[in-house]
(Lines of atoms letter the chains of each structure in order from A and count residues from 1; the text may use other names and numbers.)
(Lines give C-alpha, C1' and ligand atoms only; values in the text may rest on other atoms or scores of the structure.)
Protein backbone atom coordinates (compact mmCIF):
# COMPACT_ATOMS: atom_id res chain seq x y z
CA UNK A 1 0.00 0.00 0.00
CA UNK A 2 1.32 3.45 -0.92
CA UNK A 3 2.06 6.38 1.32
CA UNK A 4 -0.87 8.65 2.22
CA UNK A 5 -0.46 12.16 0.91
CA UNK A 6 -2.17 14.96 2.84
CA UNK A 7 -2.80 18.54 1.85
CA UNK A 8 -4.11 21.03 4.43
CA UNK A 9 -6.15 23.81 2.82
CA UNK A 10 -6.95 26.92 4.86
CA UNK A 11 -10.05 29.09 4.42
CA UNK A 12 -7.82 31.72 2.80
CA UNK A 13 -6.92 29.23 0.07
CA UNK A 14 -3.36 28.77 1.34
CA UNK A 15 -2.27 25.17 1.48
CA UNK A 16 0.48 23.13 3.11
CA UNK A 17 1.85 19.67 2.48
CA UNK A 18 4.95 17.59 2.98
CA UNK A 19 6.69 17.66 -0.37
CA UNK A 20 6.52 14.49 -2.40
CA UNK A 21 7.11 14.09 -6.11
CA UNK A 22 3.52 12.80 -6.28
CA UNK A 23 2.37 16.30 -5.23
CA UNK A 24 4.83 18.25 -7.38
CA UNK A 25 2.00 19.56 -9.56
CA UNK A 26 0.81 21.64 -6.56
CA UNK A 27 4.02 23.68 -6.57
CA UNK A 28 3.45 26.87 -8.54
CA UNK A 29 6.13 29.37 -9.62
CA UNK A 30 4.88 31.84 -7.00
CA UNK A 31 4.68 29.21 -4.23
CA UNK A 32 6.74 29.63 -1.09
CA UNK A 33 8.64 26.51 -0.14
CA UNK A 34 9.79 26.32 3.46
CA UNK A 35 11.88 23.69 5.14
CA UNK A 36 10.27 22.82 8.47
CA UNK A 37 12.80 20.35 9.80
CA UNK A 38 16.21 18.80 9.42
CA UNK A 39 16.96 15.09 9.74
CA UNK A 40 20.64 15.08 10.56
CA UNK A 41 23.34 12.73 11.79
CA UNK A 42 24.16 13.15 15.49
CA UNK A 43 27.84 13.63 16.47
CA UNK A 44 27.60 10.65 18.85
CA UNK A 45 26.10 8.42 16.15
CA UNK A 46 22.56 7.88 14.99
CA UNK A 47 20.06 10.45 13.71
CA UNK A 48 17.86 13.26 15.04
CA UNK A 49 14.83 15.03 13.58
CA UNK A 50 15.20 18.72 14.39
CA UNK A 51 11.78 20.43 14.29
CA UNK A 52 13.08 23.72 15.74
CA UNK A 53 12.69 25.66 12.46
CA UNK A 54 8.93 25.64 13.19
CA UNK A 55 9.18 25.95 16.98
CA UNK A 56 9.12 22.22 17.63
CA UNK A 57 11.44 19.91 19.55
CA UNK A 58 14.46 17.89 18.56
CA UNK A 59 13.10 14.37 18.18
CA UNK A 60 15.13 11.48 19.55
CA UNK A 61 14.29 7.95 20.62
CA UNK A 62 14.05 7.94 24.39
CA UNK A 63 17.31 9.48 25.58
CA UNK A 64 19.41 8.84 22.47
CA UNK A 65 19.40 9.52 18.73
CA UNK A 66 17.51 7.19 16.41
CA UNK A 67 19.68 4.33 15.23
CA UNK A 68 18.51 4.57 11.63
CA UNK A 69 17.80 7.60 9.45
CA UNK A 70 14.51 6.01 8.39
CA UNK A 71 13.40 5.99 12.05
CA UNK A 72 14.10 9.72 12.36
CA UNK A 73 12.21 10.36 9.11
CA UNK A 74 9.23 8.40 10.45
CA UNK A 75 9.28 10.40 13.70
CA UNK A 76 9.43 13.62 11.68
CA UNK A 77 6.37 12.63 9.63
CA UNK A 78 4.47 11.52 12.75
CA UNK A 79 5.20 14.85 14.46
CA UNK A 80 4.02 16.80 11.40
CA UNK A 81 0.89 14.68 11.22
CA UNK A 82 -0.03 15.08 14.89
CA UNK A 83 0.95 18.76 15.10
CA UNK A 84 -0.14 20.18 11.72
CA UNK A 85 -2.35 17.44 10.29
CA UNK A 86 0.11 16.84 7.47
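Residue numbers (this note's numbering): 81 to 166. Note that the Cβ used here is the ideal one computed from N, Cα and C, for glycine as well.
- Nearest Cα to residue 159 within the set 102, 123, 132: 132.
- Burial check for residue 107: the Cβ neighbour count within 10 Å stays below 16, so the residue is exposed.
- For residue 123, the closest C-alpha among the options 95, 104, 145 is that of 145.
- Annotation: residue 138 to residue 104 spans about 28 Å, alpha carbon to alpha carbon.
- The criterion of a C-beta distance shorter than 8 Å is not satisfied by residue 129 and residue 116.
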